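Counted from 1, the sequence shown has number 117 at position 117 by the UniProt record's numbering; the numbering is strictly sequential.
The beta carbon of each residue, even a glycine, is placed where N, CA and C say it ideally should be.
Source: prediction; values computed, not measured.
Before any comments, here is the structure.
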Amino acid sequence: MAKNDFKPFATGKGANVTSQPDWEALPALLSGFTAGKASSAQVNKALRQASFIAAALAQYTASKSGKDVLDDGDLSGFIAKMSAAFGKDFQTLDATLTALAGLATGADKLPYFTGNDTAGQTDLTSVGRDIIGKASIADILTYLGLGETINLAKNAVPATRRVNSK
C-alpha cells in the first residue's frame, strides 16, 4: 500500500476547535488574524480544515495512483501523482464525448455524427427501432416483408442473358 505522509489535525472527538457557526461568523474568516491573539480553538479550526482536505486528497492520490505521497515539498511530483489518480476514476476530456454530452436527450431520439467531434440528433421511429434491433439482413428483409420479392428477383433475369451486349 502506498504511503501518505499527510495527516489531518484535530479530528478527534471533542477536539479544541471553534464550532462551525462561530467559525462562519468570525470576522477573521475574510481578513485572517490581523492583530492580537487568535484563540487556540480558532487556529486549530483553520489548521483542521486545511489539513483535513490535504490529508483526504493525499490519501485518495496514494490509494488510486499506488504511489507514496510524501511531505517533501515536490508540488509538481504530487500533481503528477494526483493526475494519475484522477485518471483511474474520471474519463479524460474528449471532444467526441463532449459533443454527445451536449445533445439534449429525449425519448425517441438517435444521436449521429455530423462531422469530426460534432453530433446531431434525429427522430427514431418505432420502425427504425425495430430495424436496428434485428440481428441479420435476413431478419430485416423478413421484417419488411421482402422475402418473396427477393426470391422472385433471383431468377427474373437468367445469368446467360446479356443486356446491351454485355
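Check your understanding: To the nearest angstrom, how far is it from the Cα of Pro-21 to the Cα of Thr-96?
Key -> 46 Å
Point to revise | Selection from Asn-44, Asn-164, Asn-155 that minimises the alpha carbon distance to Ala-15 | key: The shortest C-alpha separation from Ala-15 is found at Asn-44.
Check your understanding: From which residue to which residue does the alpha helix (DSSP H) around residue 167 run?
Key -> Outside the displayed span of the chain (1 to 166) sits residue 167, for which this structure offers no information.
Exercise for review: Pick out whichever of Ala-99, Thr-122, Asn-4 has its Cα sitting closest to the Cα of Gly-115.
Suggested key: Ala-99
Point to revise | Start-to-end residues for the beta strand (DSSP E) that takes in residue 174 | key: With the chain covering 1 to 166 only, the question about residue 174 has no answer from this structure.
Review point. If you count every other CB in all the chains shown that lies within 10 Å of the CB of Ala-85, and 16 or more means buried, which is it?
Key: buried
Check your understanding: Beta-carbon separation of Ser-51 and Ala-2 under 8 Å?
Key -> no
Practice item. Taking Lys-109 and Leu-93 to be in contact with their CB atoms under 8 Å, please state how far apart those CB atoms are, rounded to whole angstroms. Key: About 24 Å separates the two Cβ atoms, so there is no contact after all.
Review point. What separation, rounded to the nearest whole angstrom, lies between the Cα atoms of Gln-121 and Tyr-112?
Key: 6 Å
Exercise for review: Report, in whole angstroms, the separation of the C-beta atoms of Ala-58 and Asn-4, which I expect to be a contact under 8 Å.
Suggested key: 5 Å
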